[in-house]
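Sequences listed follow chains A and B, in order. For the first sequence, the residue numbers in the working numbering are 8 to 120. For the second sequence, the residue numbers in the working numbering are 8 to 120. Data block below; observations after.
There are 2 protein chains.
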Amino acid sequence: MSQHVDLEQYVAVIFTSKRSIDSDSKYQEFSTRMEELVAEQPGYLSHIGFRDSQTRQGITVSYFKDEESIRNWKVLDEHLEAQRLGREEFYEEYTVRIATVNREYSWSRQSGL
Amino acid sequence: MSQHVDLEQYVAVIFTSKRSIDSDSKYQEFSTRMEELVAEQPGYLSHIGFRDSQTRQGITVSYFKDEESIRNWKVLDEHLEAQRLGREEFYEEYTVRIATVNREYSWSRQSGL
């Protein structure tokens, strides 16, 4: 069985992207810095990210406490500069989706829940 | 600049998981079949998935038209059986989050939007 957690709503930013073909070591630096920066933001909860080096497709999902936290993160100076760099250098395309998490279920082998 | 798309709300199922250590070829079959099956469901829009073979962590985000589509998918016989198999064999742990997509922004190099 899985465990149903009743919780206050929180917000997910689903960022899917396709990398442009070059810019590898620079991208690593950029990506690491963004992961540090987002984790420092007020209202930040957690994030998880993946990229397939073959297809150059990737996803990062970041969770925040509320919409206000996301609005502040969106217009943070260093993040605005990163968004510009992303368009100029790192990405072929991307989509950002803002979603309200209504409920969640977790299961783990250890707890059996 | 990025393009802001006003759209009707739709729903995301964010499935994050950690694979158990063995069961590779069987998991591939399982995973491929689930991708086929979800794409056949009424109200299905699209999905995207990644797994890191080092950490065994993965994510699949599926988008559906509405909550009803997700409820039907959740209790579909073959999917229920898959959920059981997932717990018995394939996963160490997983979390399912159900979220309402409120808005989205897309950019691509080609369109410049």
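Beta carbons: idealized from backbone N, C-alpha and C, even for Gly. Note that the coordinates shown come from a computational prediction; the quantities given were computed from them, not determined experimentally.
Coil, strand or helix - G56/B by DSSP:
The DSSP-derived three-state label of G56/B is strand.
### Query
So, does the CB of I77/A fall closer than 7 angstroms to a CB anywhere in chain B?
For I77/A, no Cβ of chain B is located within less than 7 angstroms of the residue's own Cβ.
Checklist entry - Could you check where the beta strand (DSSP E) with I66/A kicks off and where it finishes? => result Segment Q64 to F71, the beta strand (DSSP E) holding I66/A.
Chain-order list of residues whose beta-carbon lies under 8 angstroms from that of L83/A (same chain, five-residue window excluded): L44 and Q48.
**Item:** Residue span of the alpha helix (DSSP H) that contains R40/B, given as start and end
**Value:** From DSSP, the alpha helix (DSSP H) with R40/B extends over D31 to A46.
Alpha-carbon spacing of F22/A relative to T67/A, whole angstroms = Approximately 5 angstroms between the Cα atoms of the pair.
Which residues in chain A sit within 7 angstroms of A106/B, going by Cβ to Cβ distance?
-> Ordered by position in chain A, the residues that pass the 7 angstroms Cβ test against A106/B are A19, A106, T107, V108 and N109.
Any idea what DSSP makes of R116/A, helix, strand or coil? Assigned with DSSP and collapsed to three states, R116/A falls in coil, not helix or strand.
Kindly examine the ligand SAM and report whether one of its heavy atoms sits closer than 6 angstroms to the Cβ of Q64/A.
-> The ligand SAM is not among the ligands present in this structure, which contains no ligands whatsoever.
ask   = When the cut-off is 7 angstroms and only beta carbons count, does W114/B lie next to chain A?
value = Taking 7 angstroms as the CB threshold, W114/B lines the interface with chain A.
task = Could you tell me whether the Cβ atoms of T102/B and T107/A are closer together than 7 angstroms?
result = In this structure, T107/A does not lie closer than 7 angstroms to T102/B by Cβ.
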